[in-house]
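**Student:** Following this message is one structure expressed as structure tokens.
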Amino acid sequence: MDKFLKKIVVGSGITLLSMLIIKVMAIVNSVICARLLNPADFGALSIIVNLQSLVVMIACLGIPLSVTKHISQYEKADETMARSIASIMILMLTISSVISAAVYLLLSETIATDLYHDRGLISVIRLSSILVMVASVNMGLSAIIQGFQRISALAIVNTIVAVAAQPIAFASIGLLGLEGAVISLLISNLVSCAMLVYLSRRVVSYRHAKAFLKRKEHIRSLISFTIPAFVGGMTLVIAAWIGRTLLVIEWDLIEVGQFQIADNLSQTMLILSAAMSIPLLPMISELHVKNPRKVCEDSVGLLNVTMLLVLPLSIVAMPLMGAIITFLYGREYEIAYVATVIMFSFAAYKVVGSIISNVILGMGRIWDALFLNLAWLMGFTILGVILIRTNGANGLAGAYAASIGGYVLLLMFYFSREFHIALHRCALACIGYAAIVMIYLYYLDDLGFAERLAYAAGNALAIASIIYFGVLGEQEKRSLKGMMRLVPGIWS
Numbered sequence: 073m074d075k076f077l078k079k080i081v082v083g084s085g086i087t088l089l090s091m092l093i094i095k096v097m098a099i100v101n102s103v104i105c106a107r108l109l110n111p112a113d114f115g116a117l118s119i120i121v122n123l124q125s126l127v128v129m130i131a132c133l134g135i136p137l138s139v140t141k142h143i144s145q146y147e148k149a150d151e152t153m154a155r156s157i158a159s160i161m162i163l164m165l166t167i168s169s170v171i172s173a174a175v176y177l178l179l180s181e182t183i184a185t186d187l188y189h190d191r192g193l194i195s196v197i198r199l200s201s202i203l204v205m206v207a208s209v210n211m212g213l214s215a216i217i218q219g220f221q222r223i224s225a226l227a228i229v230n231t232i233v234a235v236a237a238q239p240i241a242f243a244s245i246g247l248l249g250l251e252g253a254v255i256s257l258l259i260s261n262l263v264s265c266a267m268l269v270y271l272s273r274r275v276v277s278y279r280h281a282k283a284f285l286k287r288k289e290h291i292r293s294l295i296s297f298t299i300p301a302f303v304g305g306m307t308l309v310i311a312a313w314i315g316r317t318l319l320v321i322e323w324d325l326i327e328v329g330q331f332q333i334a335d336n337l338s339q340t341m342l343i344l345s346a347a348m349s350i351p352l353l354p355m356i357s358e359l360h361v362k363n364p365r366k367v368c369e370d371s372v373g374l375l376n377v378t379m380l381l382v383l384p385l386s387i388v389a390m391p392l393m394g395a396i397i398t399f400l401y402g403r404e405y406e407i408a409y410v411a412t413v414i415m416f417s418f419a420a421y422k423v424v425g426s427i428i429s430n431v432i433l434g435m436g437r438i439w440d441a442l443f444l445n446l447a448w449l450m451g452f453t454i455l456g457v458i459l460i461r462t463n464g465a466n467g468l469a470g471a472y473a474a475s476i477g478g479y480v481l482l483l484m485f486y487f488s489r490e491f492h493i494a495l496h497r498c499a500l501a502c503i504g505y506a507a508i509v510m511i512y513l514y515y516l517d518d519l520g521f522a523e524r525l526a527y528a529a530g531n532a533l534a535i536a537s538i539i540y541f542g543v544l545g546e547q548e549k550r551s552l553k554g555m556m557r558l559v560p561g562i563w564s
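Okay, so the sequence shown: first residue is 73 according to this note's numbering, each after it adds one.
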């Protein structure tokens, strides 16, 4: 447990500062867009970015996740095989991204006029088709570098690009408006692509790709993993597309902009999840071969410790969101407060669920992960159709929070059943957290700012005590203390 947590903390610590900077820059970027664009154009930008993400996921075909898993699996045992996998996958990804971007370009007018009833989106969609190609290749190159566990190099690249993107966004949006926002994304992705190509130049080559085509048994293994990874990875992007499209149809682009602010701010809660996921998936893929039972037990310890860090923090942040929104985005976006609080609860659940998801994927249970993701997508879609019509952005946020809460409980049930490890105390802690958030939202209008702070502080202390004394075992408490001692030395 101590060794497992140490690896995760060291791997996460290398990327945590990078993720913190990237998330802060993402918020800065959203503030720039919200301040320089009118509310309708800000909502339109959210639609365009979401469409581009959907097409990128289609273009990637599940390849990046498969690359990370198989490279980390073969890297030490057969480095030539690892390089061959990287080379063939980046070749496939380049071809599929060109085809996907071409189709997206041809359908631009149909999407803008028939789906969103806004001809002004045609030129922006056509411009974003170029972005699809570059972003798809970037995902593949990042997966290769992650698979070879060059975590610090990847973190440096992502940080440089995130910081450099802000002056580019400010200048281009100020001059060109909505089109300038897409151009700034394209420039940032081109810079990132150039740096990632340089980092992966020694492991990707046509010779390695050609050699891999002769190993048919490995091709079948990659395809069998890639197909469910593709469908499973599409679920979150499809959910985002469904939610925003329903908002446009039932409400308007301004309501989409309100939800986008809630989504942007809630992403700060996912810093820990994103930082852990980078070292966690390749590490589990490597250790699973040696001792799968030990990996499961140590992962549960990591899950418990993460709950202690994340759930109380989310509760404390809830009453502060109103002031943060007003300060960053202006009073015209104050209405996004309720949606932001709801999305924070969704983000906290997602951090917890990501650990179990990475364990399931790292242990090769890709089809199980697919069916679990499809169950979540079905639940989200049903809730979204019901709640968005009457509640707009708040309804979409509620659909996310409720569906992801159910998804996390489903993951815990699956994990307990398949690996015979009890997670009922974790489930009860998550249910208690949900009850605290729901009570807060119910009495939100009746509480002043001081009362909200008092409620949040008291309940954060309560949930932290429940998890520490009721969920964590003695070994996990010792590991947590050791982890805390380890953190200051990571940065040096």
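Here a beta-carbon is modelled for each residue, glycine too, at the ideal position from N, C-alpha and C.
The structure displayed is predicted, hence computed values, not measured ones.
1. Assuming contact is defined by CB atoms lying nearer than 8 Å, are Glu-322 and Ile-460 in contact in what I supplied?
2. Given a cut-off of 8 Å on the beta-carbon distance, is the pair Ala-112 and Leu-318 in contact?
3. Can you name the start and end residues of the alpha helix (DSSP H) that Met-393 belongs to?
4. Measure how close the beta-carbons of Asn-261 and Ala-174 come, nearest whole angstrom, since I'm counting them as under 8 Å.
5. How close, in whole Å, do the beta carbons of Val-543 and Met-379 come, if the pair is a contact with beta carbons under 8 Å?
6. By alpha-carbon positions, which one of Ala-106, Phe-541, Leu-482 ends up nearest to Ser-426?
7. Could you check if Arg-316 is buried or exposed, using at least 16 other CB atoms within 10 Å of its CB as the buried criterion?
8. Would you identify the three-state DSSP class for Gly-565, choosing helix, strand or coil?
9. When you compare each of Leu-187, Tyr-512, Val-254, Pro-239 to Ser-195 by their alpha carbons, which one comes out closest?
10. Indicate whether Ile-333 and Tyr-405 have their beta-carbon atoms separated by less than 8 Å.
11. Please tell me whether, using a cut-off of 7 Å, the distance from the CB of Ile-228 to the nearest non-hydrogen atom of the ligand SAM is below it.
12. When we look at the beta-carbon of Arg-524 and count the other beta-carbons within 10 Å, is it buried (16 or more) or exposed?
13. For the alpha helix (DSSP H) that contains Val-269, what are its first and last residues?
14. Determine the closest residue to Val-139 out of Ile-299, Ile-508, Leu-516, with distance taken between C-alpha atoms.
15. State yes or no: is the C-beta of Gly-305 within less than 8 Å of the C-beta of Leu-449?
16. Give the C-beta separation of Ile-387 and Ala-528 to the nearest angstrom, bearing in mind that I take them to be a contact with Cβ-Cβ under 8 Å.
17. Which whole runs of the alpha helix (DSSP H) in the stretch 103-159 are 4 residues long or more, in chain order?
18. Going straight from the alpha carbon of Val-377 to that of Leu-179, what length do you get?
19. Are the stretch 93-106 and the stretch 226-237 touching by the rule of at least three beta carbon pairs closer than 8 Å?
20. Below 6 Å CB to CB, which residues in the same chain sit around Asn-122 once its five sequence neighbours on both sides are set aside?
21. For Gly-219 and Ile-119, which I take to be in contact (beta-carbon distance under 8 Å), what is that distance rounded to the nearest angstrom?
22. Go to Val-328, then tell me how far its alpha helix (DSSP H) extends in each direction, as first and last residue.
**Tutor:** With the structure as the only source:
1. yes
2. no
3. 393-401
4. Contact doesn't hold; Cβ gap of about 18 Å is too wide.
5. 7 Å
6. Leu-482
7. buried
8. No information on residue 565 is available, as it lies outside the stretch 73 to 564 that the chain covers here.
9. Val-254
10. yes
11. Ligands are entirely absent from the displayed structure, and the ligand SAM is therefore not among its contents.
12. buried
13. 250-271
14. Ile-299
15. no
16. 5 Å
17. 111-132, 135-146
18. 47 Å
19. yes
20. Ala-312, Trp-313, Arg-316
21. Not quite, the Cβ-Cβ distance comes to about 33 Å (not below 8 Å), so this is no contact.
22. 325-338
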